[in-house]
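Okay, so here's the structure we're looking at.
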Amino acid sequence: MLLGVIADDFTGATDIAGFLVENGMRTIQLNGVPKTTLDIDADAVVISLKSRSCPVDEAIDTSVSALNWLRQQGCQQFYFKYCSTFDSTREGNIGPVTDALLNALGEDFTIVCPALPVNGRTVFNGHLFVMGELLSDSGMRNHPVTPMTDSSLVRLMDNQSSGTTGLVNYQTIEQGAQAVAERFAALAREGHRYTVLDAFNQSHLETLGEAVKSLKLVTGGSGLASGIAKNWTEHLSDQSSAKQAGKPQQAKTVVLSGSCSIMTNQQVANYAQKAPHLALDVKACLEQQDYCESVFQWVLENLEADFAPMVYATAEPEVLKAIQAQYGAQASSHAVEQFFSQLAHQLKENGVQNFIVAGGETSGVVTQSLGVKGFHIGPQIAPGVPWVKAIDSKLSLALKSGNFGDVNFFETAQGFYHD
């Protein structure tokens, strides 16, 4: 085993797993920490957790448990994967988890690299941009769980971690991997525990991937995965058929959307013009015990349509705020998650095999409800979003982070059945 990845949510796990497969690493994704060691024929293992927005202590415990399991499997390098928009609060969880992983490994230095230029996430002079806008000016400022109101990754890390944070700017990166490694050493001597990495194109990520080869722990989004995968080229066998294991088959399909991101709103609106669609009634989720049953029956009635039926809790920011004001953010969010969990289970029991899911939290509860223990990683629908197939059943899933994919994502995903 070469690389062990600890991902803080389900869509983030499939995101990085897809990039590893695209760059030649046979990759298995596991949902949660296995209770025993496994005989896995893969170059990389990605463990998906639900630690992005849970209490800090819980995030630390599950992340360290994942690290310990990956060490038992013989992994040589470790990757703490979080969202390319650095989703966290002032208190964490990215900083505290990074500290805990460093301590467990006996290491005292790592990098912070959320950049994913192919999806518009770039870092310039230590500030994170989303599609050319500062993070704090983007739609992430309205995130219902982790609103991002500061774009400085240096400040964000300093506020939520135990050490101090340096910066490797793009001028150094453009001098090559050796210059970056020398900058790492200088920052470590100055007492910094972490360094933010500028990156706003693929060339930067390739250089950075080479530069971090000697680090035991790296942290970041999925963008760095391509560069890191290239470090293991001499250890990799023929990967020409790797993506076939995760390719979906023609079967009953449903689209479930729980994300309220800007892109998912656009995707839902676009898809609703072509396919049967039903908007989730949060009040009914909270107050009507038989509401899920009625939605379930609606889905069954529409499974034979040209495009898969869509059930969505996606809403504009103003509508979302009104719902949260009326019912409370936690109560409404929990009700929606429980609804999707129950609906997915019922649909599986009635022959639905393909689930296209938007939103990290929604993807997590759906995957858990379906009882999927792990995935083979298949072809990418969009950068960072592969189809995945359960290792122990016929279920296939497309688990999409909120802002990933273009407006035709839900339709494009279904096109893979015929390729």
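Using full-length UniProt numbering, the letters of the sequence shown map in sequence onto residues 1 to 419. Heads up, the beta-carbon is just placed ideally off N, CA and C, and yes, glycines get one too.
>> Less than 8 Å between the C-beta atoms of residue 252 and residue 387, yes or no?
In response: Counted from its first residue, the sequence shown places residue 252 at position 252. Counted from its first residue, the sequence shown places residue 387 at position 387. Not closer than 8 Å, so no.
> Rounded to a whole number of angstroms, what is the C-alpha to C-alpha distance between residue 185 and residue 37?
Replying inline: Taking the sequence shown and counting its residues from 1, the one referred to as residue 185 is at position 185. Taking the sequence shown and counting its residues from 1, the one referred to as residue 37 is at position 37. Answer to the nearest angstrom: the Cα atoms are 35 Å apart.
>> Does the structure place the segment 102-120 close enough to the segment 75-85 that three or more beta carbon pairs sit under 8 Å?
In response: yes
> What does a CB cutoff of less than 6 Å around residue 362 pick up in its chain, not counting 5 residues either side in sequence?
Replying inline: What you label residue 362 is simply residue 362 of the sequence shown in a count that begins at 1. Excluding residues within five positions, the ones whose Cβ falls inside 6 Å are 258 and 340.
> Hey, quick one: how far does the beta strand (DSSP E) through residue 230 stretch, first residue to last?
Replying inline: As a working mapping, residue 230 is identified with position 230 in the sequence shown. From DSSP, residue 230 is part of no beta strand (DSSP E) but of the alpha helix (DSSP H) over 225-230.
> Looking only at its own chain, which residues have a Cβ that is under 8 Å from the Cβ of residue 202, when we skip the five neighbours before and after it?
Replying inline: On the sequence shown, residue 202 is found 202 positions in, with the first residue counted as 1. Answer for residue 202: 117, 118 and 226, listed in chain order.
> With C-beta atoms as the reference, is residue 146 less than 8 Å away from residue 154?
Replying inline: Position 146 of the sequence shown holds residue 146. Position 154 of the sequence shown holds residue 154. It is not a contact, given that the beta carbons lie outside the stated cut-off.
> So which of 319, 266 and 188 has the shortest CA-CA distance to residue 358?
Replying inline: Taking the sequence shown and counting its residues from 1, one reaches residue 358 at position 358. The option with the nearest alpha carbon to residue 358 is 266.
>> Among the candidates 126, 260 and 244, whose CA atom is the shortest distance from the CA of residue 200?
In response: Within the sequence shown, numbered from 1, the residue matching residue 200 stands at position 200. Looking at the Cα atoms, 126 is the closest of the given residues.
> From which residue to which residue does the alpha helix (DSSP H) around residue 40 run?
Replying inline: To locate residue 40, count along the sequence shown from 1; it is residue 40. Where residue 40 is concerned, there is no enclosing alpha helix (DSSP H), given that its DSSP letter is neither H nor E.
> From what residue to what residue does the alpha helix (DSSP H) around residue 96 run?
Replying inline: By one-based count along the sequence shown, residue 96 stands at place 96. First-last of the alpha helix (DSSP H) with residue 96: 94-105.
>> Pop quiz: residue 65 and residue 33 are said to be a contact at Cβ under 8 Å. What is the actual Cβ separation, rounded to whole angstroms?
In response: The residue you call residue 65 lines up with position 65 of the sequence shown. The residue you call residue 33 lines up with position 33 of the sequence shown. Contact between residue 65 and residue 33 is confirmed by a C-beta separation of about 5 Å, below the 8 Å threshold.
> Does the distance from the CB of residue 77 to the CB of residue 3 come in under 8 Å?
Replying inline: Along the sequence shown, one-based indexing puts residue 77 at 77. Along the sequence shown, one-based indexing puts residue 3 at 3. Yes, Cβ-Cβ distance for residue 77 and residue 3 is below 8 Å.
> residue 46: buried (16+ other C-beta within 10 angstroms of its C-beta) or exposed?
Replying inline: One-based indexing of the sequence shown puts residue 46 at position 46. So residue 46 counts as buried.
>> Going by DSSP, what residue range makes up the beta strand (DSSP E) through residue 260?
In response: Within the sequence shown, the letter at position 260 stands for residue 260. Careful: residue 260 lies outside any beta strand (DSSP E) and carries neither H nor E.
> Which word fits residue 250, buried or exposed, when buried means at least 16 other C-beta atoms lie within 10 angstroms of its C-beta?
Replying inline: Counting from one through the sequence shown, the residue named residue 250 turns up at place 250. Answer is exposed; the Cβ neighbour count stays below 16.
> Residue ranges of each beta strand (DSSP E) run of no fewer than 3 residues wholly in the segment 26-77, ordered along the chain?
Replying inline: 27-31 and 44-48
> According to DSSP, is residue 79 helix, strand or coil?
Replying inline: On the sequence shown, residue 79 is found 79 positions in, with the first residue counted as 1. Here residue 79 sits in strand by DSSP.
>> Let's see if you can read the secondary structure: which residues bound the alpha helix (DSSP H) around residue 363?
In response: The count along the sequence shown starts at 1 and reaches residue 363 at position 363. Taken as a continuous stretch (DSSP letters only), the alpha helix (DSSP H) holding residue 363 covers 360-370.
> Is the segment 375-389 close to the segment 319-337, with three or more CB pairs under 8 Å?
Replying inline: no
>> Once DSSP output is grouped into helix, strand and coil, what is the label at residue 123?
In response: By 1-based counting over the sequence shown, the position of residue 123 is 123. Correct three-state label for residue 123: strand.
>> Just to confirm my understanding: we take residue 305, look at its own chain, exclude 5 residues before and 5 after, and list those with CB closer than 6 Å. What are they?
In response: Along the sequence shown, one-based indexing puts residue 305 at 305. Counting only Cβ-Cβ distances below 6 Å, and skipping sequence neighbours, we find 276.
> With respect to the alpha helix (DSSP H) encompassing residue 348, which residues constitute its N-terminal and C-terminal limits?
Replying inline: On the sequence shown, residue 348 is found 348 positions in, with the first residue counted as 1. It spans 329-349 - the alpha helix (DSSP H) in which residue 348 sits, taken as one unbroken run.
>> One question on the structure: do residue 285 and residue 336 come within less than 8 Å of each other, judged by their Cβ atoms?
In response: Translated into the one-based positions of the sequence shown, residue 285 becomes position 285. Translated into the one-based positions of the sequence shown, residue 336 becomes position 336. Going by C-beta atoms, residue 285 is nearer than 8 Å to residue 336.
> If residue 30 and residue 374 are in contact, beta carbons under 8 Å, what's the gap, nearest whole angstrom?
Replying inline: As a first step, residue 30 is located in the sequence shown; it is residue number 30 there, counting from the start. As a first step, residue 374 is located in the sequence shown; it is residue number 374 there, counting from the start. Residue 30 to residue 374, Cβ: 4 Å. Contact.
> For residue 307, which of 371, 322, 270 and 28 has the nearest alpha-carbon?
Replying inline: Locating residue 307 in the sequence shown gives position 307, where the first residue counts as 1. The option with the nearest alpha carbon to residue 307 is 270.
>> So if DSSP puts residue 113 in a beta bridge, which residue, or which two residues, is it bridged to?
In response: For the purposes of this step, residue 113 is identified with residue 113 of the sequence shown, where counting begins at 1. Residue 113 pairs with 220.
> In this structure, what does DSSP give as the bridge partners for residue 387?
Replying inline: In the sequence shown, counting from the first residue as 1, residue 387 sits at position 387. Note: residue 387 sits in a beta bridge opposite 398.
> Do the CB positions of residue 332 and residue 16 come within less than 8 Å of each other?
Replying inline: One-based indexing of the sequence shown puts residue 332 at position 332. One-based indexing of the sequence shown puts residue 16 at position 16. Not a contact, by the Cβ cut-off of 8 Å.
> I think residue 347 touches residue 254, with their Cβ atoms under 8 Å apart; what is that distance to the nearest whole Å?
Replying inline: On the sequence shown, residue 347 is found 347 positions in, with the first residue counted as 1. On the sequence shown, residue 254 is found 254 positions in, with the first residue counted as 1. That belief holds up - the Cβ atoms of residue 347 and residue 254 are roughly 6 Å apart, short of 8 Å.
> What is the rounded straight-line gap between the Cα of residue 321 and the Cα of residue 142?
Replying inline: One-based indexing of the sequence shown puts residue 321 at position 321. One-based indexing of the sequence shown puts residue 142 at position 142. Approximately 9 Å between the Cα atoms of the pair.
>> In whole angstroms, give me the CA-to-CA distance for residue 172 and residue 262.
In response: Residue 172 sits at position 172 when you count from the first residue of the sequence shown. Residue 262 sits at position 262 when you count from the first residue of the sequence shown. C-alpha separation (whole angstroms): 34 Å.
> Cβ of residue 13 within 8 Å of Cβ of residue 27?
Replying inline: For this step, residue 13 is matched to residue 13 along the sequence shown. For this step, residue 27 is matched to residue 27 along the sequence shown. No, Cβ-Cβ distance for residue 13 and residue 27 is not below 8 Å.
> Start and end of the alpha helix (DSSP H) containing residue 157?
Replying inline: Against the sequence shown, residue 157 aligns to sequence position 157. Unbroken alpha helix (DSSP H) run through residue 157: 153-160.
> Is residue 12 helix, strand or coil when you go by DSSP?
Replying inline: By 1-based counting over the sequence shown, the position of residue 12 is 12. Note: residue 12 maps to helix in three-state DSSP.
>> Since residue 48 and residue 99 should fall inside the 8 Å C-beta cutoff, what is the C-beta to C-beta distance between them, to a whole number of angstroms?
In response: The residue you call residue 48 lines up with position 48 of the sequence shown. The residue you call residue 99 lines up with position 99 of the sequence shown. About 21 Å separates the two Cβ atoms, so there is no contact after all.
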